[in-house]
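In what follows, a structure is listed as structure tokens, so that the remarks can point back to it.
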Amino acid sequence: MIIHHPILGPRDAQEFVYLGDASLINRPDGMTAGVEAFHDYAYNRDNPAGDHRELWYHEQGDRSWLVVTRNTVTHEIIKVELARDVARAQGRSK
Amino acid sequence: MRYSGFRVIAEALTGHKGWKPVWRDPAPQPDYDYIIIGGGGHGLATAYYLAKEFGQARIAVLEKGYLGGGNVGRNTTIIRSNYLLDGNEPFYEFSLKLWEGLEQDFNYNAMVSQRGIINLIHTDAQRDAATRRGNAMILHGADAELLTREQVRAMYPWLNFDNARFPIKGALMQRRGGTVRHDAVAWGYARGADMRGVDLIQNCEVTGMRIEGGRIRGVETSRGYIGAKKVGVAVAGSSSKVMAHAGMRLPIESHVLQAFVSEGLKPLIDGVMTFGAGHFYVSQSDKGGLVFGGDIDGYNSYAQRGNLPVIEDVAEGGMALMPAIGRVRLLRTWGGIMDMSMDGSPIIDKTPVEGLYFNGGWCYGGFKATPASGWCFAHLLANDRSHETAKAYRFDRFLKGLMIDEKGQGATPNLH
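So the sequence lines, in the order shown, correspond to chains Z and L. Residue numbers for the first sequence, in my numbering: 13 to 106. Residue numbers for the second sequence, in my numbering: 30 to 445.
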């Protein structure tokens, strides 16, 4: 699989480490969220067959985190964004 | 029809005209007492034991494709019970004992071959860990033996004992481990279930679940609505898709795992060997092909095919251990979809929906578990409580901090 890095261009997926569903960005607030919310965040997944937004880390490159939208049935990569931009758009990062 | 040596001789003398199809192809009835979703190894074993051991009737198995067309036909056929933790080892030892009596039990030749399995050791720390694991196995009634480097050398003199990074220092052996003809397991269970009146319904995909007042009433399928008092889901690989019909999110990711077989060779390996440090394990089929595999590809997938980097990684592992196979050609590679659970251990449990039960999360260790998985799931379906050996395989273990973390690496879906 080739991941089109927004800054570095096309890179082989072997250069990346996979983490999982991009919803992992949305960690509940540690002071207000309850155990159930953290359990759901840490362990449960949508695990769709089809388009999946997921986190890839460019370990052997510029060490950026990416949000890759990829089809889990065909392995086609549809969209690549910097995770920083995604998090900022959600108001999570400064 | 019972199979026996006498039967084979009688058929040989009469032109083999007496062999009949071994299961019916029934149309679904309007309702059943039990519906098992998934006609793979675990689903068929569940139906078989429900009918045979738990005396239940009016059972149907719904399969979206054909019987045994999923992971039971895509694995590398290994059976073993070399687990460490209390939540696992009694279950897998129960499974191995069922394997030992399986062919007599369901009167079908599954080619159960207890040819022994060794896990290679490369460091003192690994030897300590293997000793601990072996002792845990023996305490639970399984067999385990610690082999020295020389004992391993006597078995497989052509291994690379002096690999600079991973020299072979010994092995943990389970002599009762081995291999089984995987398709025959599905066929044997299917035939045994059919003989006891179970309806095996193929080309019947579940497209929805009818749930009223928190209770399951039946399932919508591509062949119409079918009512049921109890529904058991055993569709590892597609668990998240099927359980979404009941509004459930699972602690599972689906990943692709590849397997490989080489061209046929003369006898080389008479047992099963794992080289964990190099992400490689291997056995040799009765036809001579080396059957081997390694790690999952490592990203969510429902594709039943993997990518080349993992093929390269597995081949490198094989070459590091067995330089002699350098000229051997690869015959086939294929992929299967694994339910990777968050602690590497399975789930056999009730769900919040009354009458709906779940069996999945087998990671890439589901084949060896087939008999015990079927037995324990049938026990749960029939009695509404967990079997003694499957008590720890609960949904709420993640919420309660009771993970069965066999590999000791915490909550990631990359474990087995």
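For glycine and all other residues, C-beta sits at the position ideal for the given N, C-alpha and C. Since we're looking at a predicted model, the values are computed, not measured.
Residue i: first and last residue of the uninterrupted alpha helix (DSSP H) it sits in
i, result
"L/Arg-22", "As shown, chain L starts at 30 and ends at 445. That puts residue 22 of chain L outside it, with no answer to give."
"L/Pro-119", "118-135"
"Z/Trp-77", "Taken as a continuous stretch (DSSP letters only), Z/Trp-77 belongs to no alpha helix (DSSP H), being part of the beta strand (DSSP E) at 77-83."
"L/Leu-428", "426-429"
Residues of its chain near residue i, where Cβ-Cβ distance is below 6 Å and the 5 sequence neighbours each way are ignored
i, result
"L/Val-37", "none"
"L/Tyr-32", "Asn-136"
"L/Val-382", "Ile-240, Ile-245 and Ala-275"
"Z/His-16", "Pro-22 and Val-92"
"Z/Glu-71", "Val-29"
"L/Ile-147", "Ala-200, Met-202 and Met-302"
"L/Glu-40", "Gly-47"
Neighbourhood of residue i by C-beta, 8 Å cutoff - its chain only, sequence neighbours within 5 removed
i, result
"L/Asn-164", "Ala-173"
"Z/Val-85", "Ala-61 and Gly-62"
"Z/Gly-32", "Arg-57, Glu-66 and Leu-67"
Closer than 7 Å at the beta carbon, the chain L residues around residue i
i, result
"Z/Asn-56", "Arg-278, Leu-279 and Pro-280"
"Z/Ala-61", "Lys-270 and Tyr-331"
"Z/Tyr-30", "Gly-327 and Tyr-328"
"Z/His-70", "Residues of chain L passing the Cβ test: none, with the nearest at roughly 14 Å."
Chain Z contact residues for residue i, given Cβ-Cβ distances below 8 Å
i, result
"L/Ala-332", "Thr-84, Val-85, Thr-86 and His-87"
"L/Ser-283", "Asn-59, Ala-61 and Thr-84"
Residue i and residue j closer than 8 Å at C-beta
i, j, result
"Z/Ala-101", "Z/Leu-67", "no"
"L/Leu-79", "L/Ala-411", "yes"
"L/Gly-453", "L/Ile-245", "Nothing can be reported for residue 453 of chain L, as the shown portion of chain L is limited to 30 through 445."
"L/Val-264", "L/Ser-330", "no"
"L/Ile-107", "L/Lys-397", "yes"
"L/Met-238", "L/Val-248", "yes"
"L/Leu-125", "L/Arg-162", "no"
"L/Leu-149", "L/Thr-380", "no"
"L/Pro-119", "L/His-169", "yes"
"L/Arg-182", "L/Phe-190", "yes"
"L/Gly-97", "L/Gly-69", "yes"
"L/Ala-213", "L/Ala-139", "yes"
"L/Ile-255", "L/Tyr-61", "yes"
"L/Ala-215", "L/Val-101", "yes"
"L/Leu-279", "Z/Asn-59", "yes"
"L/Cys-233", "L/Thr-208", "no"
Test: residue i CB closer than 8 Å to a CB of chain A
i, result
"L/Phe-304", "Looking for chain A here will not work: the only protein chains present are Z and L."
Partners in chain L for residue i, counting only beta-carbon separations shorter than 8 Å
i, result
"Z/Glu-66", "Tyr-328 and Asn-329"
Residue range of the unbroken beta strand (DSSP E) whose run includes residue i
i, result
"L/Val-290", "281-293"
"L/Phe-321", "318-329"
"L/Phe-304", "301-304"
"L/Asp-228", "228-230"
"L/Leu-337", "No beta strand (DSSP E) contains L/Leu-337, which is instead part of the alpha helix (DSSP H) from 337-350."
"L/Ile-255", "253-262"
"Z/Lys-91", "89-94"
"Z/Val-47", "Z/Val-47 -> not in any beta strand (DSSP E); alpha helix (DSSP H) instead, spanning 47-55."
"L/Ala-200", "199-203"
"L/Glu-174", "174-177"
Interface residues of chain Z facing residue i [CB-CB closer than 7 Å]
i, result
"L/Asn-336", "Met-13"
"L/Phe-427", "His-51 and Tyr-55"
Neighbour list for residue i in chain L, Cβ cutoff strictly below 9 Å
i, result
"Z/Gln-102", "The contacting residues do not exist; Z/Gln-102 stays about 20 Å from chain L at best."
"Z/His-16", "Those within 9 Å of Z/His-16 in chain L number zero; the least Cβ separation is about 16 Å."
Per-residue contacts from residue i into chain Z (C-beta, under 9 Å)
i, result
"L/Met-371", "Ala-54, Tyr-55, Asn-56 and Arg-57"
"L/Phe-321", "By Cβ distance, chain Z contributes nothing, its closest Cβ being about 21 Å from L/Phe-321, past 9 Å."
Own chain residues within Cβ distance below 7 Å of residue i, not counting five before or after
i, result
"L/Phe-309", "Phe-321, Gly-323, Val-343, Gly-346, Gly-347 and Leu-350"
"Z/Arg-39", "Tyr-53"
"L/Ala-76", "Ile-65, Ile-88, Val-90, Ala-222 and Val-227"
"L/Trp-52", "Ala-219, Arg-220, Asp-223 and Leu-229"
May I ask you to verify whether the region 83-94 of chain L touches the region 357-372 of chain L, counting CB pairs closer than 8 Å and requiring at least 3? no
Quick test of the definition: if touching needs 3 or more C-beta pairs under 8 Å, does the region 307-315 of chain L touch the region 58-74 of chain Z? no
Stretch-stretch touch, CB-based, cutoff 8 Å, three pairs: the region 77-95 of chain Z with the region 15-29 of chain Z: yes
Counting Cβ pairs, one atom from each stretch, are 3 or more of them under 8 Å apart for the region 217-226 of chain L and the region 355-364 of chain L? no
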